[in-house]
Amino acid sequence: MATELQDGERPEHRGYVAAVDQGTTSTRCILFDHSGRLVAIAQREHRQHYPRPGWVEHDAAEIWRNVARLVPQAMAQVDAEPGDVVAIGIANQRETVVAWDRHTGVPVGHAVVWQDTRTADLVDALAADGGTHRFAEACGLPLTTYFAAPRMRWLLDEVPGLRRRAEAGDVLFGTIDSWLVWNLTGGPDGGTHVTDVTNASRTMLMDLRTLDYSPQMLEEFGIPRACLPEIRSSSEVYGTARTVVPGARIGAALGDQQAALFGQTCFSPGEAKCTYGTGGFLLMNTGTEITRSSHGLLTTVAHRIGDEPPAYALEGSIAVTGSLVQWLRDNLGLISTAPEIETLARTVPDNGGCYFVPAFSGLFAPHWRSEARGLIVGLTSFVTKGHIARAALEATAWQTREVVEAMDADSGLRLASLRVDGGMTSNNLLMQTVADVLDAPVVRPMVSETVSLGAAYAAGLAVGFWPDTQALRRRWHRAAQWDPTMDPATRASGWKDWQQAVQRTFGWIRH
Amino acid sequence: MPGPIQSIERAAAALRLLAAAPEGLGVVELGTALTLAKTTAHGILRTLVDVGFVEQAEDGRYRVSEDLADLGRPRIDANDLRAQAVNWADSLASRTGESVRLAVLAEGRALVVHHVFRPDDSRQELAVGTSLPAHACALGKVLLAWSVGGRRGARLPALTQRTVVDPAVLRRTLAAVREQGWALDVEELLAGTASIAAPVRDRGGLVVGAIGIDGESERLVDTRGRPRAGLVPAVRQAARSVSRGLGARGA
Ligand SMILES: Nc1ncnc2c1ncn2[C@@H]1O[C@H](COP(=O)(O)OP(=O)(O)OP(=O)(O)O)[C@@H](O)[C@H]1O
Ligand SMILES: [Mg+2]
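Protein sequences, first through last, are from chains A and B. Converting from the first sequence to the working numbering requires adding 310 to each position, the first position being numbered 1. For the record, in the second sequence the residue sitting at position 99 is 86 according to the working numbering, with numbers rising by one throughout.
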């Protein structure tokens, strides 16, 4: 057991909240104590399936097995018994769709992942009649392959007999949160089929104003209501675990990016964070009013605590940040681990004139260009792999500037500093570069695993482990800060070069 | 200045031969190639095995070891080490209320590769990239205590009145560090501050870094200069957690 420095530890402060962070590449279980401190962590990657170009799939059964294994592993690190787990909170990769048999619990094929672009034709067909923004009023999202509803529709169309089984309620659909809660609460034996408002806000099926399924959207996408989970708050007790940690209350579910916003304690309008993992996601809390973007951002739900009114957010989603580093590692073999990119990048003082736009699956915010493809420009015989590494890191920084500028334009405010988290924040060169190109301080909080922390906070609130959001706010502390040092002329010319490089990616795929 | 030392010349020649023979060499073959008596060749090989530059395989033949190939190459990329340590460094800062640093040995000094601010939201400067005199801080003492072939006999400059400047005293201190598994500095680097550190080990058990806390000496040690209760276990636990992440067994 951990030695506690604080005296006067009260009995109601004992125990841990278990967070499950079910991400795109891996699953983590992290235990937090009452002071919001990470005390145990277990992690495991799952297989990525790429059956065709543009297709990305996960095995939902493998993901569930990982969760069932990781939670006890984390508990063993601090000798915790099921009774020590006061609540479980779930954060998950968003927009990934899984369908399964309600009677056996067996998934129908693989889960279709958020990066998957197989629905391009379907999306184009829907957009032909009214444009990409025809549903934005109701759901806050443009029509793209990124969101869940087109994937559900694709499965219903392509898997023989699935529509009939879905209409009869024999097959259930959901995002990963629904899949995990259903399994934890008993699966075929009375499992609870729910989702939370943040995950539902990524389907295109929920009306942001009512926080319920929009009959019109269900109709447009042709998805039977019977197979969909009930939409609930992000922080409330959905049920009790019947397996893995029997008896523990499941107190929260949030999409991973909204969980990170919660973990950074951005509870007030105007507070924002950017999380750097597989992709990069800037979210700003906009309060209880729905704010629409005119600069290419998404409107989404930030969280809903119990019966309180929901908080909304504006989001700038960047599809490729950390996954570019992984691409340099796995596809080019330039580095053998992701952090080594910093070592390689530091072999040169600048990018040598080289820019790298990783439009691998088109460009997300603020461009939303599905036909764009990646490029490296500015190549000369002078350029080395060090310059490529630098250009790859700078791509994350410049893309951050794009979404920050869109956020500033929409909110009419200038972001005074940027709160960051996620795996890439351990890269000092990158964080310095982000501060330099934004011309604003970049701040990392004491817990980088904010996705898990947010899920834990929301679950802990639901069971009364923490009294209110004010108490959570007090636990936020600055762990590091990077201040801008770049001279304005360098910043301005780099920004111009970047924008020019981005223009050149457009229109690569011709229909 | 003395002339070349014959036994070192012979050892170097033996290493060149072994490195060129992927199949390995036997004692007799090596002796013949270098025109040495069998007992002399054997003595050279045994010594090279003892220092870890040469391995003897089950078939009795000798080859150069992986250690020799790795010589001079850092065991783990400092950026990898930081990525592995971030979570536990955060927890250590939060638990102790002090700032946390992670360091590796570079050119005889403790190079800070990760820094977590003291969690009081006061203005602090990121210290990543600064290097500290190893003999004068806890991080450095840990790194020196487990370094192989460190630059012994180097001059020990005084940074405060309490800096250890006598090589014999430092040697005894480092032996104590190895014995107890952690190191302490009380105002040896900077008046008014103290630090506590413990070793981070890799998969093979080698010490690849040190992690520790530093802060006002009044908060870290009592009036007799002993660490306050709970701090040493917290530092050692963080070091063990990072080591476990690196694959160290028994950590
Ligand atoms: N030091 C580093 N420098 C640059 N990139 C890094 C570094 N460390 C990790 N990454 C990248 O960050 C990503 C891992 O971060 P993180 O663990 O936050 O993501 P993740 O949560 O696994 O993503 P997801 O939830 O989408 O699965 C990987 O894409 C990796 O390439
Ligand atoms: Mg993640």
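Ideal Cβ placement from N, Cα and C applies to all residues, glycine included. Note that this is a predicted model, so its numbers are computed, not measured.
Helix, strand or coil for residue i per DSSP?
i, result
"B:R138", "Any reading at B:R138 needs caution, since the residue's pLDDT is 49, under 50, leaving its predicted position unreliable; the model's value is listed next. Three-state result, B:R138: coil."
"B:R223", "helix"
"A:R783", "helix"
"B:D172", "strand"
"A:N493", "helix"
"B:H29", "helix"
"B:T74", "The amino acid at residue 74 of chain B is misidentified as Thr; the sequence shows Asn. Three-state DSSP puts B:N74 in a helix."
"A:F666", "strand"
"A:T710", "helix"
"A:L748", "helix"
"A:W818", "coil"
"B:P120", "strand"
"A:D506", "strand"
"B:L23", "coil"
List the endpoints of the continuous alpha helix (DSSP H) containing residue i.
i, result
"A:I533", "From DSSP, A:I533 is part of no alpha helix (DSSP H); its letter is neither H nor E."
"B:R(-3)", "-7 to 6"
"A:S633", "632 to 640"
"A:F572", "566 to 573"
"A:A772", "760 to 772"
By a C-beta neighbour count over all protein chains shown, 10 Å radius and 16 as the cutoff for buried, is residue i buried or exposed?
i, result
"A:F457", "buried"
"A:S803", "exposed"
"B:R227", "buried"
"A:F692", "exposed"
"B:L176", "buried"
"A:D797", "exposed"
"A:L494", "buried"
"A:L436", "buried"
"B:K25", "exposed"
"A:N641", "exposed"
"B:V194", "buried"
"A:E405", "buried"
"B:K128", "buried"
"A:E652", "buried"
"A:E618", "exposed"
"B:S(-6)", "exposed"
"A:P452", "buried"
"A:S671", "buried"
Which residues in the same chain have their Cβ closer than 7 Å to the Cβ of residue i, if we skip the five residues on either side of it in sequence?
i, result
"A:V507", "L521, I541, S543, S544, V611, R614, P620"
"A:P525", "none"
"A:R602", "T609"
"A:E704", "N661, T743"
"A:P668", "V630, L634, G684, A705"
"A:T414", "P498"
Ignore the nearest five residues each way along the sequence and tell me which others in residue i's own chain have a CB closer than 8 Å to its CB.
i, result
"A:D718", "R724, L725"
"B:P106", "A80, S81, G84"
"A:Q383", "C339, A352"
"B:L32", "A1, V14, L17, V41, Q43, Y49"
The beta strand (DSSP E) spanning residue i covers which residue range?
i, result
"A:C339", "336 to 342"
"B:P186", "180 to 188"
"B:T160", "Not the beta strand (DSSP E): B:T160 falls in the alpha helix (DSSP H), residues 154 to 167."
"A:L593", "590 to 597"
"B:A145", "Premise fails: B:A145 is in no beta strand (DSSP E) and is neither H nor E."
"B:D201", "194 to 203"
So what does residue i bridge to, in DSSP terms?
i, result
"A:M516", "A:Y523"
"A:C537", "BP columns for A:C537 are empty, so no partner."
"A:F483", "A:A409"
"B:V51", "B:V41"
"B:P214", "B:V208"
"A:Y360", "Answer by DSSP bridge pairing: none, since A:Y360 is not bridged."
"A:K583", "A:L593, A:R729"
"A:P755", "A:R788"
Grab me the residues of residue i's own chain with a C-beta within less than 6 Å of its C-beta, minus the 5 sequence neighbours each way, in chain order.
i, result
"B:G137", "At B:G137, the pLDDT of 49 sits below 50, so the modelled position is not reliable; the number obtained from the coordinates is stated separately. The answer, listed in chain order, is L131."
"A:L592", "C584, G626, V713"
"A:H344", "H323"
"A:R754", "V730, T735, A789, A790"
"A:R559", "A397, V547, T550, V773"
"A:V285", "The requested residue 285 of chain A is not part of the displayed model; chain A covers only 311 to 821."
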